[in-house]
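A.B. asks:
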Amino acid sequence: MIALTVLNASLYAITAYATAYIESPWGHSQFRPAIIIPALFAMIFGSWVGGIGAAIGTLICDSIKHGTLYMPSLIATVPANFLAFFLYGCILRKGFTWDKFVMTSVLSLFIGNFVCAILLDGIILYEYLFL
Numbered sequence: 284m285i286a287l288t289v290l291n292a293s294l295y296a297i298t299a300y301a302t303a304y305i306e307s308p309w310g311h312s313q314f315r316p317a318i319i320i321p322a323l324f325a326m327i328f329g330s331w332v333g334g335i336g337a338a339i340g341t342l343i344c345d346s347i348k349h350g351t352l353y354m355p356s357l358i359a360t361v362p363a364n365f366l367a368f369f370l371y372g373c374i375l376r377k378g379f380t381w382d383k384f385v386m387t388s389v390l391s392l393f394i395g396n397f398v399c400a401i402l403l404d405g406i407i408l409y410e411y412l413f414l
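This is the structure in structure tokens:
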């Protein structure tokens, strides 16, 4: 499981970095088709492998992109990626159907984005009020 988690994190970091400089239209995020990698790992090998690999992979990618340990990623995107892919793996591990796949994809995407937005807004509010 450790080897699979490391493989997931490294593949996710490498492929996410390939599109790291393509910004999303909303500003604070990036275009990341690499999410297919932790999604496949979560579906095939379980929620822990998918969640931890996604969290570590996104931190590695963002830290390489910014040249240092990127704190907004550590505070906002790491927990959001872990939660989204952990949930994705938990639900799909119990049996695969196309309906469940679509609903789980939408649900985990919504929850991951919601958690990331709340945590990132907390960082922005903190910087505005105290720095």
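If you number the sequence shown the way the numbering used here does, the last residue is 414 and the count never jumps.
Ideal placement from N, C-alpha and C gives every residue a C-beta, glycine not left out.
Keep in mind that this is a model prediction, so the values were computed, not measured.
1. For V332, is the classification buried or exposed, using 16 other Cβ atoms within 10 angstroms of its Cβ as the cut-off for buried?
2. Would you mind listing the alpha helix (DSSP H) stretches within the stretch 331-388 that are 4+ residues and don't spill past its ends, in chain order?
3. List the residues that DSSP assigns as beta-bridge partners of E306.
4. Quick one: is I327 buried, meaning 16 or more other Cβ sit within 10 Å of its Cβ, or exposed?
5. Check whether the stretch 354-374 touches the stretch 398-405, taking contact to mean three or more Cβ pairs, one atom from each stretch, closer than 8 angstroms.
6. Could you tell me how far apart the beta carbons of I335 and T288 are, in whole angstroms, since I believe they sit closer than 8 angstroms?
7. Could you spell out where the alpha helix (DSSP H) holding L414 opens and where it closes?
8. Just curious, the alpha helix (DSSP H) that M326 is in, first and last residue?
9. Contact defined as beta carbons within less than 8 angstroms: I believe F384 pairs with L370. What is the distance between those atoms, to the nearest angstrom?
10. With a threshold of 8 angstroms on Cβ separation, who are the neighbours of L392 within its own chain once the five nearest residues in sequence on each side are excluded?
11. Assign T341 to buried or exposed, taking buried as 16 or more other Cβ atoms, counted over all protein chains shown, within 10 Å of its Cβ.
C.D. replies: Concretely, from the data shown:
1. Burial state of V332 is buried, judged by a 10 Å Cβ sphere holding 16 or more other Cβ atoms.
2. 361-376, all fully within the stretch 331-388.
3. For E306, which the question treats as bridged, DSSP gives the partners Q313.
4. Here I327 is exposed. Its C-beta has fewer than 16 other C-beta atoms within 10 Å.
5. The stretch 354-374 makes contact with the stretch 398-405: 3 or more CB pairs, one atom from each, lie closer than 8 angstroms.
6. In this structure, I335 and T288 form a Cβ contact; the two beta carbons are roughly 5 angstroms apart against a cut-off of 8 angstroms.
7. DSSP places L414 in no alpha helix (DSSP H); its state is neither H nor E.
8. For M326, the enclosing alpha helix (DSSP H) stretches over residues I319 to F328.
9. No, F384 and L370 are not in contact; Cβ-Cβ is about 13 angstroms, not under 8 angstroms.
10. A367, listed in sequence order.
11. T341 is buried by the Cβ-count criterion.
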